[in-house]
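A.B. asks: In this text, residue positions in the sequence shown follow my numbering: the first is 1, and each later residue adds one.
No residue lacks a Cβ here, since even glycine has one placed at the ideal position from N, Cα and C.
Provided herewith is a single structure, encoded as structure tokens, for subsequent inquiry.
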Amino acid sequence: MRSFPAVRISSSMSSPPRSLCVIRLSAIGDCCHALPVVQAIRSAWPETRITWIIGQVEHSLLEGLAGVDFLVLDKRAGRRGMRELKEKLKARRFDLLLQMQDSLRASRVALMTGCRRRVGFDRRRARDIQWLFTTERIAHRPRQHVMEALFGFAEHLGIERPAVPRWDFPLGAEDLQAAARMAPERPFCVMSPLSSQRRGAFRNWPAERYASVARHVVEQLGGEVLLTGSSTSMERDYAAVIAAQPGVTDLNGRTTLKQLVALIGLARLVVCPDSGPAHLGAALGTRVVGLYAGSNPDRSGPWGNREFTVNRYPQAVLRSLGKGVDDISFGRRLRAGDVMNEIAVADVIETVERAWALPGRNLQPRSPGSAEAREKTAPQ
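Here's what the structure looks like:
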């Protein structure tokens, strides 16, 4: 009978490996959280060849990242996508693998690499029996933000967490120019109302409430609103409600991910639920008014933006489960369809006003060079 290899809980590297594989397939927000970890490893080990196995959509955001090779898995292609990835992996050999995603698909990919040293989450946090597929585990630390947990992989290797995370999104001049063309002359808010969760709509606030906030930005604050997202039927339905007023421009399906990043970098603030744009905004230093009721912002809130997070998760937990936040598992999601109704329009407007009133367009930029890029393309 085949036995599983012995597992080490903590480790450090006596010398940098020649090659390193990172697995983080999805989603946009989680890849955004993984990016500073990869940057920290790259800075500490400049001679190590880093390969990141990533999803197709997420790759469109990070393609061109300096010092990192990408292998792309087309998840929508199913078995064919896995076969194509396996073929690409035949020419690769890795000394070390960081399995930053705890899903059965990611674990299968990890085995496909043939790497013998595979680092995963500690057993208490490893979902989908990830611990069966790894040979080492990062140290357990309770109640961590997603990005803090991912930095546990760097710390496991003896690499210190930087005081300020680095993102450095690989934006080209064409991305900045496209964003500048879309940006209005007046200060503006990026509103991305829908998350891309696979089941239910527990992170989505009602369209009519977003419309009330948009109206306030236009009529009371003198700004404009850019509505962003893809072009799903639900997003079209939301746009029909929110953009049916002056001062709101519907950009659904009209931006690439990199153009969206550049646009968020020019915005006065972002209003959205627990979704990719929240984490993109936080990475860029743009103020994010995050709407949280179905998920815990202590775990998945926009990094460094808690001042502007509208947090009704405790109230939602009490109403849905009859318990306090400390009485349930950390990060538990509430999947009731009406959970976001805990967030009142007045609370969001008050938070938007506070964020809007602060001097300057953004918080301190978190990615070197992003301030210069914004100044070159910012509407005057």
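(1) Ignoring anything shorter than 4 residues, give me the alpha helix (DSSP H) runs that lie fully in the region 188-244, in order along the chain.
(2) Quick one: complete beta strand (DSSP E) runs, 3+ long, within the region 261-311?
(3) Considering only residues of the same chain and omitting the five flanking positions on each side of Phe330, which have a CB-CB separation below 8 angstroms?
(4) Hey, Ala278 and Gly290: beta-carbon distance below 7 angstroms or not?
(5) For the pair the region 179-199 and the region 260-280, tell me if three or more CB-CB distances fall below 8 angstroms.
(6) So which of Thr48, Lys88, Leu157 and Met82 has the shortest CA-CA distance to Arg118?
(7) For Ser14, which residues of its own chain have a beta-carbon under 6 angstroms away from its beta-carbon, when the five flanking residues on both sides are left out?
(8) Can you give, in chain order, each stretch of the alpha helix (DSSP H) that sits fully within the region 38-113 and has at least 4 residues?
(9) Rounded to the nearest angstrom, what separates Arg203 and Arg42 at their Cα positions?
(10) Between which two residues does the beta strand (DSSP E) holding Leu20 run?
(11) Return yes when the Cβ of Ser195 is within less than 7 angstroms of the Cβ of Ser103, no when it is not.
(12) Between the alpha carbons of Asp250 and Leu227, how many angstroms are there, rounded?
(13) List the endpoints of the continuous beta strand (DSSP E) containing Val119.
(14) Given a cut-off of 7 angstroms, decide if Trp356 and Leu221 are closer than it, judged by their beta-carbon atoms.
(15) Which residues bound the beta strand (DSSP E) around Val248?
(16) Starting from the C-beta of Cys94, find all residues in its chain whose C-beta is less than 6 angstroms away, skip the five residues before and the five after it, and write them out in chain order.
(17) According to DSSP, is Arg319 part of a helix, a strand, or is it coil?
(18) Return the bridge partner residues of Arg123 from the DSSP annotation.
(19) Quick one: Cα of Arg137 to Cα of Asp30, how far?
(20) Go ahead and label Gln380 buried or exposed: buried means 16 or more other beta carbons lie within 10 angstroms of its beta carbon, across all protein chains shown.
(21) In terms of residue numbering, what span does the alpha helix (DSSP H) encompassing Glu155 cover?
(22) Check whether the region 168-185 and the region 41-55 are in contact - that is, three or more C-beta pairs closer than 8 angstroms.
(23) Straight-line CA distance for Pro17 to Leu111?
(24) Mark Lys258 as exposed unless 16 or more other C-beta atoms lie within 10 angstroms of its C-beta, in which case mark it buried.
(25) Please report how far the alpha carbon of Ala282 lies from the alpha carbon of Val310, in whole angstroms.
(26) Just mark Gly322 as buried or exposed, buried being the case when its beta carbon has 16 or more other beta carbons within 10 Å.
(27) Which stretch, first to last residue, makes up the alpha helix (DSSP H) that contains Glu174?
(28) Can you give me the Cβ contacts of Arg124 inside the same chain, cut-off strictly under 7 angstroms, excluding the 5 residues immediately before and after it?
(29) Beta-carbon within less than 7 angstroms of Phe151's beta-carbon, same chain only, minus the 5 sequence neighbours each way: which residues are those?
(30) Please report the distance separating the alpha-carbon of Val352 from that of Arg209.
(31) Could you tell me whether the Cβ atoms of Leu35 and Trp167 are closer together than 7 angstroms?
(32) When we look at the beta-carbon of Ala262 and count the other beta-carbons within 10 Å, is it buried (16 or more) or exposed?
(33) Assuming contact is defined by CB atoms lying nearer than 7 angstroms, are Val225 and Val248 in contact in what I supplied?
(34) Just the C-alpha distance for Gln364 and Gly285, rounded to the nearest angstrom, thanks.
(35) Report the rounded CA-to-CA distance for Ala173 versus Leu260, giving the unit in angstroms.
C.D. replies: In short:
(1) 207-219 and 233-242
(2) 269-273 and 287-292
(3) By 1-based counting over the sequence shown, the position of residue 330 is 330. Excluding sequence neighbours, Phe330 sits near Pro142, Arg143, Asn296, Asp298 and Arg299.
(4) Counting from 1 along the sequence shown, the entry for residue 278 is found at position 278. Counting from 1 along the sequence shown, the entry for residue 290 is found at position 290. Cβ atoms of Ala278 and Gly290: closer than 7 angstroms.
(5) yes
(6) Numbered from 1 along the sequence shown, position 118 holds the residue referred to as residue 118. When only C-alpha atoms are compared, the closest one is Leu157.
(7) Stepping through the sequence shown from its first residue, residue 14 is reached at position 14. Cβ within range, chain order: n/a, list empty.
(8) 56-62, 79-89 and 104-113
(9) For the purposes of this step, residue 203 is taken as the residue at position 203 of the sequence shown. For the purposes of this step, residue 42 is taken as the residue at position 42 of the sequence shown. Answer to the nearest angstrom: the Cα atoms are 34 angstroms apart.
(10) For the purposes of this step, residue 20 is identified with residue 20 of the sequence shown, where counting begins at 1. Here the beta strand (DSSP E) through Leu20 covers Ser19 to Ile23.
(11) Here the question's residue 103 lines up with position 103 in the sequence shown. Here the question's residue 195 lines up with position 195 in the sequence shown. Result no, Cβ atoms of Ser103 and Ser195 do not sit closer than 7 angstroms.
(12) Taking the first residue of the sequence shown as position 1, residue 250 is located at position 250. Taking the first residue of the sequence shown as position 1, residue 227 is located at position 227. Cα-Cα distance, rounded: 5 angstroms.
(13) Along the sequence shown, one-based indexing puts residue 119 at 119. Arg118 to Gly120 is the span of the beta strand (DSSP E), which, as asked, contains Val119.
(14) Mapped onto the sequence shown, residue 221 falls at position 221. Mapped onto the sequence shown, residue 356 falls at position 356. Yes, they are a contact pair.
(15) Reading the sequence shown from its first residue, position 248 is the one you call residue 248. Start and end: Val248 to Asp250.
(16) Within the sequence shown, numbered from 1, the residue matching residue 94 stands at position 94. The residue asked about is misnamed: residue 94 is Phe in this sequence, not Cys. Only Ser19, Cys21, Thr113 and Cys115 meet the Cβ criterion.
(17) Reading the sequence shown from its first residue, position 319 is the one you call residue 319. Helix.
(18) Taking the sequence shown and counting its residues from 1, one reaches residue 123 at position 123. DSSP, once it has assigned bridges, lists no residue as partnering Arg123.
(19) Stepping through the sequence shown from its first residue, residue 137 is reached at position 137. Stepping through the sequence shown from its first residue, residue 30 is reached at position 30. Rounded to the nearest angstrom, the two C-alpha atoms are 19 angstroms apart.
(20) For this step, residue 380 is matched to residue 380 along the sequence shown. The predicted position of Gln380 is uncertain, since its pLDDT is 36 and thus under 50; a value taken from the coordinates is nonetheless stated next. So Gln380 counts as exposed.
(21) As a working note, residue 155 is residue 155 in the sequence shown. Start and end: Val146 to His156.
(22) no
(23) Here the question's residue 17 lines up with position 17 in the sequence shown. Here the question's residue 111 lines up with position 111 in the sequence shown. Going by the C-alpha atoms only, they are around 19 angstroms apart.
(24) Your numbering for residue 258 matches position 258 in the sequence shown. It is buried - the Cβ of Lys258 has at least 16 other Cβ atoms within 10 Å.
(25) Here residue 282 corresponds to residue number 282 of the sequence shown, with the count starting at 1. Here residue 310 corresponds to residue number 310 of the sequence shown, with the count starting at 1. Approximately 15 angstroms, taken between the alpha carbons.
(26) By 1-based counting over the sequence shown, the position of residue 322 is 322. Exposed is the call here.
(27) On the sequence shown, position 174 is the one that residue 174 refers to. Where Glu174 is concerned, the enclosing alpha helix (DSSP H) stretches over Ala173 to Met182.
(28) Stepping through the sequence shown from its first residue, residue 124 is reached at position 124. The answer, listed in chain order, is His140.
(29) Residue numbering aside, residue 151 sits at position 151 when the sequence shown is read from its first letter. Hits under 7 angstroms: Val37 and Arg161.
(30) As a first step, residue 352 must be located in the sequence shown, where it is residue number 352. As a first step, residue 209 must be located in the sequence shown, where it is residue number 209. Straight-line Cα distance between these residues: approximately 13 angstroms.
(31) Position 35 of the sequence shown, counting from 1, holds the residue named residue 35. Position 167 of the sequence shown, counting from 1, holds the residue named residue 167. In this structure, Trp167 lies closer than 7 angstroms to Leu35 by Cβ.
(32) Counting from one through the sequence shown, the residue named residue 262 turns up at place 262. So Ala262 counts as buried.
(33) Working through the sequence shown from its first residue, we reach residue 225 at position 225. Working through the sequence shown from its first residue, we reach residue 248 at position 248. A contact, by the Cβ cut-off of 7 angstroms.
(34) Mapped onto the sequence shown, residue 364 falls at position 364. Mapped onto the sequence shown, residue 285 falls at position 285. Only weak support exists for where Gln364 lies, its pLDDT of 49 falling under 50; the value from the coordinates is given anyway. Approximately 6 angstroms, taken between the alpha carbons.
(35) Your numbering for residue 173 matches position 173 in the sequence shown. Your numbering for residue 260 matches position 260 in the sequence shown. Between Ala173 and Leu260, the C-alpha separation is close to 14 angstroms.
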